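Participant:
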Amino acid sequence: MADGQGYGLLKGKKGLIFGALNEQSIAWRIALACKREGAEFSLSNAPVALRFGELDKLSEQTGAEVFPCDVTKEDEIEELMQEVKEEHGKIDFILHAIGMSPNVRKSDSYQKLNYNWMQQTLDISAISLHKVIRYADEAGILNEGSSIVALSYIGAQRIFSKYSDMNDAKALLESVARNYGSRLADRGIRVNTISQAPTKTSAGKGIKGFDGMYTFADKLAPMGNPSADECADYCVTLFSDLTRKVTMQNLYHDGGFVNAGIDEEMINDLAKLYGEEDREAE
Ligand SMILES: NC(=O)c1ccc[n+]([C@@H]2O[C@H](COP(=O)([O-])OP(=O)(O)OC[C@H]3O[C@@H](n4cnc5c(N)ncnc54)[C@H](O)[C@@H]3O)[C@@H](O)[C@H]2O)c1
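Residues are numbered in the numbering used here as their position in the sequence shown, beginning at 1, plus a constant of 352.
Now the structure itself:
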């Protein structure tokens, strides 16, 4: 938002935000946007991330309490939901901005995945969404009409080689959002994923070949890659009452990338790169 003022879209709303690690984190930008729009919320991240991250700074800026929770551990999620209940009573939104693949970090080839690591990838990046929703609901903290958003990537639909088993994790994440969304719809609770374009964050930069993925998307998307702050503005609309009947969707926030074919500029660039070879081959 140009003037940084906000529209009061989340006035009176309370929430829980997972995944802010440092200022670049998409969750960090979303937390700032939620604050700007009038929300109160708690922040959570894995204990190890709290030791090495900068979450205290965000906590000071937003007045949000920080609760440690490793989302692979059910007992920790259960405890977290009780803490959130004590802090806020009921809540109106949850952000799941959590992803990690040991296989991607180690750059092992997809054909030779370490299956223990693959289980961790799926557990951290996808099954955790199920656990978070389940224990929030069992703690009775989800208000009618609340909104749950998880961050996804187009690797769920199209294969990006360096994204390895995260392609699989995002496909599962999107499926969990649809599956759980269908079961909460009678209480007006929405569950959606935002499929965000490549964004320069710790998780992003942890992917070998990220710069190529970033540039490819930026060149192909008619509007170019949206920033983390732009993702935050979009997310706010999904947490707000303006999107009450949007559920079980995977929503692309990618500057048009998903529907782009090829434009004049890229045709010309490719002709310069390969044109002569093509002519020789004719
Ligand atoms: N950066 C991109 O290009 C991009 C694009 C599309 C989607 N996304 C998704 O956005 C989300 C946020 O990632 P980001 O890019 O802001 O990077 P980030 O590194 O800032 O955030 C990832 C977060 O996951 C947390 N996490 C990892 N393991 C955890 C665990 N066991 N328990 C609790 N938290 C854990 C990390 O501590 C970190 O805060 C992820 O789901 C990511 O896949 C990122």
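Every residue, glycine too, gets a C-beta built ideally from N, C-alpha and C.
Quantities reported herein were computed from a predicted structural model and do not represent experimental measurements.
(1) Return the chain-ordered ranges of every beta strand (DSSP E) run that is complete within the stretch 416 to 485 and spans a minimum of 3 residues.
(2) CB Leu-525 to CB Thr-545, shorter than 8 Å?
(3) Please report the Cβ distance between Lys-560 and Ser-459, rounded to the nearest whole angstrom; I am assuming they are in contact, meaning their Cβ atoms lie under 8 Å.
(4) Could you tell me which residues DSSP puts in a beta bridge with Ala-502?
(5) Can you tell me where the alpha helix (DSSP H) holding Glu-526 begins and where it ends?
(6) Since Ser-377 is in the beta strand (DSSP E), which residue starts that stretch and which ends it?
(7) Who are Phe-393's beta bridge partners in DSSP?
(8) Please go through the same chain and pick out, in chain order, the residues whose beta-carbon is closer than 8 Å to the beta-carbon of Glu-431, but skip the five residues on each side of it.
(9) Is Asp-489 near ligand 1, judged by its Cβ being under 7 Å from some heavy atom?
(10) Between the stretch 574 to 588 and the stretch 384 to 392, do at least 3 Cβ pairs fall closer than 8 Å?
(11) Would you mind sorting Phe-512 into buried or exposed? The rule is 16 or more other CB atoms within 10 Å of its CB.
(12) If you follow the alpha helix (DSSP H) that Leu-361 is in, where does it begin and where does it stop?
(13) Given this structure, state the Cα-to-Cα distance separating Asn-455 from Leu-402, to the nearest angstrom.
(14) For Arg-539, count the other beta carbons within 10 Å of its own beta carbon; 16 or more makes it buried, fewer makes it exposed. Which is it?
(15) Roughly how many angstroms separate the alpha carbons of Leu-361 and Ile-614, rounded to a whole number?
Facilitator: Answer, in terms of the structure:
(1) 418 to 420 and 443 to 448, all fully within the stretch 416 to 485.
(2) By 1-based counting over the sequence shown, the position of residue 525 is 173. By 1-based counting over the sequence shown, the position of residue 545 is 193. Yes, the pair counts as a contact, with Cβ atoms nearer than the cut-off.
(3) Here residue 560 corresponds to residue number 208 of the sequence shown, with the count starting at 1. Here residue 459 corresponds to residue number 107 of the sequence shown, with the count starting at 1. The beta-carbon distance between Lys-560 and Ser-459, rounded to whole angstroms, is 5 Å. This is short enough to meet the 8 Å contact definition.
(4) Mapped onto the sequence shown, residue 502 falls at position 150. BP columns for Ala-502 point to His-448 and Thr-545.
(5) Position 174 of the sequence shown, counted from the first residue, corresponds to residue 526. Per DSSP, Glu-526 belongs to the alpha helix (DSSP H) from 516 to 536.
(6) By one-based count along the sequence shown, residue 377 stands at place 25. Where Ser-377 is concerned, there is no enclosing beta strand (DSSP E), given that its DSSP letter is neither H nor E.
(7) Along the sequence shown, read from residue 1 onward, the residue named residue 393 stands at position 41. Its beta-bridge partners are Gly-367.
(8) Sequence index remark: in the sequence shown, residue 431 carries index 79 (1-based). Same-chain partners within the cutoff: Cys-421.
(9) Start at 1 with the first residue of the sequence shown, and residue 489 comes out as number 137. No - ligand 1 has no heavy atom lying nearer than 7 Å to the Cβ of Asp-489.
(10) With a cut-off of 8 Å, the stretch 384 to 392 and the stretch 574 to 588 count as touching, because enough Cβ pairs lie within range.
(11) Position 160 of the sequence shown, counted from the start, is the residue given in the question as residue 512. Buried is the call here.
(12) Within the sequence shown, numbered from 1, the residue matching residue 361 stands at position 9. In the DSSP annotation of this structure, Leu-361 is not part of any alpha helix (DSSP H), being labelled neither H nor E.
(13) Your numbering for residue 455 matches position 103 in the sequence shown. Your numbering for residue 402 matches position 50 in the sequence shown. Linking Asn-455 to Leu-402 through their CA atoms gives a straight-line distance of about 23 Å.
(14) As a first step, residue 539 is located in the sequence shown; it is residue number 187 there, counting from the start. Classification of Arg-539: exposed, given that the 10 Å Cβ count is below 16.
(15) Here residue 361 refers to the residue found at position 9 when the sequence shown is read from its first residue. Here residue 614 refers to the residue found at position 262 when the sequence shown is read from its first residue. Going from the Cα of Leu-361 to the Cα of Ile-614 covers about 37 Å.
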